[in-house]
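S.K.: Mapping the sequence shown onto full-length UniProt numbering, position 394 (from 1) lands on 394, and the numbers just tick up by one.
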Amino acid sequence: MARKHFELTDCTQRVGDRVLHRIRATRDLPRHGVDKGMLGGWVEHSTCLAGDAWVDDDARVFRNAKVYGQALAGEDALIADQAKVYGDAVVVGDARVMDQAKVLGKVELSECVQVRDHARIRGDTWIEDFVQFTGDMDYSGGPDLQGFRPDITPRNNQDDYVPGEPYFRLVGHARKIEGVLMKRVKAIRNLPHAGVVKGDVGGWVEKESNLADGAWVADDAKVYGDAVLAGEVVVFEQARVCDRARVTGRAKVWGSAVICGDAQVRGDAVVCGQAYVCGKAQVGSDDERACVCDCARVAGRARVLNCARVYGNAEVTGSAVVSSFARVFSDARVRARAKVQDRARIFGTTILAGAVRVGGNAEICADVTLSDTKNVTTIGDYLEPFYESATLIHTGDGPDDHLLRVGLWQGTVDEFAARIEELPASWSANGTQRRTWRAEYKKIEKAARALTSRPR
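1. Quick test of your reading: G318 and A336, contact by CB under 8 angstroms. State the CB separation rounded to the nearest angstrom.
2. Could you check if G74 is buried or exposed, using at least 16 other CB atoms within 10 Å of its CB as the buried criterion?
3. According to DSSP, is L451 helix, strand or coil?
4. Can you tell me which of the three DSSP states W42 falls into?
5. My understanding is that D378 touches T391, with C-beta atoms under 8 angstroms, so please give their C-beta distance in whole angstroms.
6. Can you tell me whether DSSP reads F130 as helix, strand or coil?
7. Can you tell me whether G407 is buried or exposed, with buried defined as 16 or more other CB within 10 angstroms of its CB?
8. Restricting to runs no shorter than 3 residues, where is the beta strand (DSSP E) found entirely within the region 201 to 227?
9. Taking K84 as the reference, give the member of N375, E108, V97 with the closest Cα.
10. What does E363 pair with, by DSSP beta-bridge criteria?
11. Could you tell me if G105 is buried or exposed, where buried requires 16 or more neighbouring beta carbons within 10 angstroms of its beta carbon?
12. Can you have a look at K446 and say buried or exposed, based on whether 16 or more other CB atoms are within 10 angstroms of its CB?
13. If I measure Cβ to Cβ from E44 and keep anything under 8 angstroms in the same chain, skipping five residues before and after, which residues do I get?
14. Could you tell me which of D331, S323, V113 sits nearest to A344, measuring between CA atoms?
15. Alpha carbons only, please: which of I346, D372, Q341, G348 is nearest the one belonging to A355?
16. In whole angstroms, what is the alpha-carbon distance linking W216 and D262?
17. Keeping to the same chain, check which residues put their C-beta closer than 6 angstroms to that of D286; ignore five residues upstream and five downstream.
18. Which stretch, first to last residue, makes up the beta strand (DSSP E) that contains R419?
19. Just mark E206 as buried or exposed, buried being the case when its beta carbon has 16 or more other beta carbons within 10 Å.
20. Can you name the start and end residues of the beta strand (DSSP E) that L403 belongs to?
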């Protein structure tokens, strides 16, 4: 049996009750631009990945899902359940392949494409945005697809929605759902942005004022109370928007997600899975795609802005802000007035509280509570040989009360110094490169010692 081209590291995150491990390459994978020793994405167990396939960035593969052949899962893609991605397929962006779905051949999925149930996508095609493949659909190539489509059936574009004109009516007998009388909506105009044609029946609303400006509710999704969807918004599957919540712009809400209270979802934001957004929280801003998914919770006056992502079992509460390209995931908590920005990554059981601000390329995965910005220092960004970042975390006032995190490694400065002396000679580099890398690590050690020796 061929030796596996990756190993599971001790760096983990939780998604629901599943524990995923970050992977590290044990040999070069030229096809994917991966060098031996480089870190990849996340898998639950070693059988999730086979052949010369690779999981990169923050992509996740778990349960009995498998990526194999020459396939690639990257960025924030998710492959779960019994799904299979193989051949030369590429799944990136926020794409989801779930249930018993298959993606094979030279297919490329990106953005928020969903392939579910027993659907199969094959051939040579590129598919992006909110295209969905469900049921027993078998799509074998053809034209590239983009835009929001609940299926790939060609649509008649006559009678398109004109802003300001009615575009739906309430139909059927009212049903009491969750203590509220609701009716289904029926389109009386085409809504191209939602893949809806005149005559389509959608989800449930309490009253006509729940929808405005072309917004649509589909499947068994529900909008009630004084909640409002406005703009090119689509809420579908079993999602709920209620109370005084507002979803605007081109936002999408699906899965079993709940938006309630006075929460706002804006711009191109995505809220999905079992995510819960409540209180006066805000997700999204302008035209950027913030994302809250899995079992994450955003509450209070917290804000998730720009292209930030909160997922796993993470919580952002109080007046906390997660912005830029920051990531908060696993069981992390960001509370009070804490801010996470730039490309910082907060995960594990880390708690940020008080007015702490974490930015740059800082990476914190520790069982600590940090409440002051001076407790966190980013020493180096994207360091060779494996493009690691270095972050110093002060856990107390003494010189030994600290954690230094370099890539996946974490320990004291003294332990890091010992590690430098044990740099593996097996690195796929010549002696000059290894000396260069060692020098970079020595700079980190020197900077960290200076910081830990200062009075606090």
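All C-beta atoms, glycine included, are put in the ideal place defined by N, C-alpha and C.
M.R.: This is what the structure gives:
1. Confirmed, Cβ separation roughly 4 angstroms.
2. buried
3. helix
4. Correct three-state label for W42: strand.
5. Just to set this straight, residue 378 is Thr in the shown sequence, not Asp. Confirmed, Cβ separation roughly 5 angstroms.
6. DSSP places F130 outside both helix and strand once states are collapsed to three, so it counts as coil.
7. buried
8. 201 to 205
9. V97
10. The partner list for E363 (beta bridge, DSSP) reads R345.
11. buried
12. exposed
13. If we look at E44 and ignore the five residues flanking it on each side, its Cβ neighbours are R18, V19, L20, H21, V61, F62, R63.
14. S323
15. D372
16. 20 angstroms
17. G267
18. From DSSP, R419 is part of no beta strand (DSSP E) but of the alpha helix (DSSP H) over 413 to 421.
19. buried
20. 402 to 406
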